[in-house]
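Report on the following structure.
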Amino acid sequence: MKKKLSLIVFSAVLLILMFNFSFTNATDPLEFSEKRSEIVEKVQGEFFTVEIGFKNTGKNEGGWNISIVFEGKQWSQAGKSQYLELEASEEETLRWTGTIPTDAPIDTLTRLVVYYEDSFKALNWWINVVPGAELAIKSSCVK
Numbered sequence: 099m100k101k102k103l104s105l106i107v108f109s110a111v112l113l114i115l116m117f118n119f120s121f122t123n124a125t126d127p128l129e130f131s132e133k134r135s136e137i138v139e140k141v142q143g144e145f146f147t148v149e150i151g152f153k154n155t156g157k158n159e160g161g162w163n164i165s166i167v168f169e170g171k172q173w174s175q176a177g178k179s180q181y182l183e184l185e186a187s188e189e190e191t192l193r194w195t196g197t198i199p200t201d202a203p204i205d206t207l208t209r210l211v212v213y214y215e216d217s218f219k220a221l222n223w224w225i226n227v228v229p230g231a232e233l234a235i236k237s238s239c240v241k
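The sequence shown begins at 99 in the numbering used here and counts up by one.
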């Protein structure tokens with residue numbers, strides 16, 4: 099009897115999880131276009147631009163408040179929120195600009211995260227803060 103009850107409970111939990119995952123995916127009609135991913139090296143105070151392509155994969159017009167943040171353990175940089183309204187199957191690219199904070203520690207990484215409505219997606223774009231000046235030995239002499 100315990101085995102049957104355990105099997106019924108397990109099956110019910112599994113069905114609930116499957117329904118929840120398919121329901122979540124069905125109601126999220128915003129698609130991101132990631133052309134590539136990489137680590138971009140920037141110095142303190144340097145300017146950067148972010149471009150993200152979006153597509154409404156739903157069947158109706160939709161609107162989203164979209165924000166981006168470069169998030170890291172030592173520093174973060176948020177972009178201004180933008181409102182995006184798209185017809186079904188319509189695509190649009192949004193752009194943000196920013197500057198690496200002048201107090202961002204050298205050799206630190208931040209990851210690009212996109213926030214929209216009650217969701218978020220961490221993209222595979224990273225900023226690595228590198229030194230703005232590097233010393234190289236040009237010549238030497240021993241006599």
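Glycine residues also receive a C-beta, built at the ideal position from the N, C-alpha and C atoms. This structure is a prediction, so every number in the text was calculated from the model and none was measured.
Given a cut-off of 8 Å on the beta-carbon distance, is the pair residue i and residue j in contact?
i	j	result
Leu192	Ile150	yes
Thr208	Ser174	yes
Glu188	Asn158	no
Phe152	Glu129	yes
Ile198	Lys140	yes
Where residue i and residue j are concerned, what is the direct C-alpha to C-alpha distance, given to the nearest angstrom?
i	j	result
Val228	Ile204	5 Å
Ala234	Gln172	28 Å
Tyr214	Ala231	38 Å
Glu169	Leu210	6 Å
Gly177	Lys219	15 Å
Gly160	Ala186	8 Å
Ser217	Gly156	16 Å
Glu190	Leu221	17 Å
Within its chain, find whatever has a CB closer than 7 Å to the CB of residue i; leave out the 5 residues flanking it on each side and keep chain order.
i	result
Thr200	Gln142 and Gly143
Pro127	Asn154, Thr155, Gly156 and Gly160
Trp162	Leu128, Leu182, Tyr214 and Glu215
Given residue i, which residues of its chain have a CB within under 6 Å of its CB, disregarding the five upstream and five downstream residues?
i	result
Trp164	For clarity, residue 164 is Ile in the given sequence; the question names Trp instead. Result list for Ile164: Gln180, Leu182 and Tyr214, in chain order.
Thr195	Thr147
Between which residues of its own chain and residue i is the CB-CB distance below 8 Å, once the five residues before and five after are set aside?
i	result
Val138	Phe146, Trp223, Trp224, Ile225 and Asn226
Ile166	Val148, Ile150, Ala176, Gly177, Trp194, Leu210, Val211, Val212 and Tyr213
Which residue marks the beginning of the beta strand (DSSP E) containing residue i, and which one marks its end?
i	result
Ile137	Glu136 to Lys140
Ser217	Ser217 to Val227
Val240	Per DSSP, Val240 belongs to no beta strand (DSSP E) and is neither H nor E.
Report the start-end ranges of each beta strand (DSSP E) in the region 157 to 211 that is 3 residues or longer and not cut off at the edges.
160 to 169, 174 to 176, 180 to 184 and 189 to 197
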